[in-house]
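Data first, discussion second: the structure below is written as structure tokens.
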Amino acid sequence: MSLPQNKRFAARRLLCLLLALAFGLALAGCGSSASSEPAAQDQEQVLTDDALYELTAEKVDQPLDGAGAVIALAVGAEGTDIGAGAAVWHGVQTFCSNFNYTAQQFTAADTSLDAAKAALNSAAQSGAGLVVCYGSEMAAALYDIQDNYPTVNYLMIGDEPHSEDYTDYRTSANVHCVLFREEQAAYLAGYAAVREGNTSMAVLGGEPLPSTVRYATGFVQGAEAAADSMGVQVYIRIWYSSMTASDDGLTDYVCGWYNEGFQVVMAATPELADSCIQAAEKSGREVIATGWDCAGQSSSVITSAVNCYSTVVQNELYLFGTQNNWDQDHSGQTETLGTEVDAVGLATQEWRLKTFTGEEYRELYQRMAAGTVKVERYSDTTAMPQTQNVTVDQPNQ
2 MSLPQNKRFA ARRLLCLLLA LAFGLALAGC GSSASSEPAA QDQEQVLTDD
52 ALYELTAEKV DQPLDGAGAV IALAVGAEGT DIGAGAAVWH GVQTFCSNFN
102 YTAQQFTAAD TSLDAAKAAL NSAAQSGAGL VVCYGSEMAA ALYDIQDNYP
152 TVNYLMIGDE PHSEDYTDYR TSANVHCVLF REEQAAYLAG YAAVREGNTS
202 MAVLGGEPLP STVRYATGFV QGAEAAADSM GVQVYIRIWY SSMTASDDGL
252 TDYVCGWYNE GFQVVMAATP ELADSCIQAA EKSGREVIAT GWDCAGQSSS
302 VITSAVNCYS TVVQNELYLF GTQNNWDQDH SGQTETLGTE VDAVGLATQE
352 WRLKTFTGEE YRELYQRMAA GTVKVERYSD TTAMPQTQNV TVDQPNQ
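When we follow the numbering used here, the leftmost residue of the sequence shown carries the number 2, and every step to the right adds one.
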């Protein structure tokens with residue numbers, strides 16, 4: 002009995018990582034330098050930035066020709082100019098271009114639930130066999146209308162269909178959902194930040210939603226691992242704010258942190274990155290972004306802990322296209338993806354870390370993907386990672 006396509010992909014990926022690690026250890030035992038290149042192709046894959054990833058016919062097992070069929074993207078009012086929406090749309094467009102599909106986009110007129118529903122309805126009525134959705138607004142809209150078009154399938158990225166008040170979750174058979182292991186990306190960022198010599202850092206989040214908590218706790222775990230290896234003590238303050246990106250006082254608040262002596266602030270809620278960047282620029286300090294690559298916004302962004310939206314979208318669309326339907330492993334199901342399939346990581350297109358090298362990053366990434374480095378997944382504030390080298394302060398918890 003053969004494995005489903007996604008499991009074959011993950012199995013091949015894991016085997017490559019294990020072979021690369023084993024071969025690397027063997028070379029080290031023979032006295033070879035770290036610059037030897039037996040696993041160069043796999044290492045290069047690990048450092049392929051999401052914005053540059055492209056799934057092509059040469060990289061897949063089964064030929065696929067969409068014959069011009071429509072794949073639609075339904076997106077919230079934020080659109081696809083920047084951020085996660087841009088990465089998701091790039092993934093849809095790249096896949097459609099390479100496999101002969103037609104990409105269409107439907108954007109909500111405003112941030113209301115009715116507007117999100119209208120965009121989803123238009124996408125479903127466009128003739129698309131598959132509609133890609135992103136974000137909490139679309140997840141709430143999909144919750145209400147997922148059964149209205151039984152011949153239309155949906156790919157929900159970064160969320161699951163839920164009621165407007167988040168009290169109920171329900172996924173129909175024509176929907177497949179993908180979540181991300183944000184804690185793994187944040188671990189890599191926390192590890193890198195300490196390796197860069199930072200010992201006093203802060204994490205700013207909005208409401209303590211599961212993804213925000215995972216960024217915060219993953220960051221702590223990575224910082225702990227690096228601090229332990231370096232024999233240093235680290236202080237991290239975590240603050241979940243009721244403020245939003247539109248609050249004028251948020252930038253001043255973060256400036257206060259920098260003036261207090263914090264070297265780096267991580268924005269654990271992606272939408273708060275702008276406020277952190279403004280504060281860092283005023284204070285001459287540094288920022289770690291999350292969700293998507295913010296390096297282009299400011300030189301103060303030393304790295305971004307990202308979800309590889311384009312990479313994941315392209316591979317999920319291929320899996321769907323091979324059967325023109327969701328198979329039993331995907332129909333009505335949610336999968337949570339991480340480093341084992343290159344779904345999360347640090348943005349690498351512009352490497353600004355000075356002490357923590359790309360080679361060190363590749364090695365750490367490979368060990369995480371192979372399961373040697375384990376990151377615990379927390380979804381609420383009732384528990385925190387146990388640390389010996391990192392003091393965590395949560396003043397409003």
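For each residue, glycine too, the CB sits at the ideal point set by N, CA and C.
- Proximity to V376 across A52, Y192 and S173 peaks at Y192, based on C-alpha coordinates.
- Sequence-distant partners of E225 (beyond 5 residues in either direction) whose C-beta falls short of 6 Å from its own C-beta, in its chain, are T388, N390 and V391.
- Going by C-alpha positions, V153 is about 6 Å away from A125.
- As the crow flies, the alpha-carbon of Q367 is around 17 Å from that of F181.
- Look at F181 here: in three-state DSSP terms it is strand.
- Less than 8 Å separates the beta-carbon of C134 from that of A75.
- DSSP places M139 in the helix class (H, G or I) of the three-state scheme.
- By the neighbour-count criterion, in which 16 or more other beta carbons inside 10 Å mark a residue as buried, E341 falls on the buried side.
- Every unbroken stretch of the alpha helix (DSSP H) spanning 4 or more residues and falling wholly within the segment 64-105 is given here in chain order: 84-100.
- G372 and S123 have their C-alpha atoms spaced approximately 42 Å apart.
- For S123, the enclosing alpha helix (DSSP H) has its first and last residue at L114 to A125.
- Note that the C-beta distance between F96 and L131 is not below 8 Å.
- Judged by DSSP in its simplified three-state form, S212 adopts helix.
- Sixteen is the threshold: since fewer than 16 other Cβ atoms of the shown chains lie within 10 Å of the Cβ of N325, the residue is exposed.
- Annotation: T358 is outside any beta strand (DSSP E) and is labelled neither H nor E by DSSP.
- Linking D111 to M139 through their CA atoms gives a straight-line distance of about 12 Å.
- The three-state secondary structure of D51, taken from DSSP, is helix.
- Between the alpha carbons of A116 and A109 lies a gap of roughly 5 Å.
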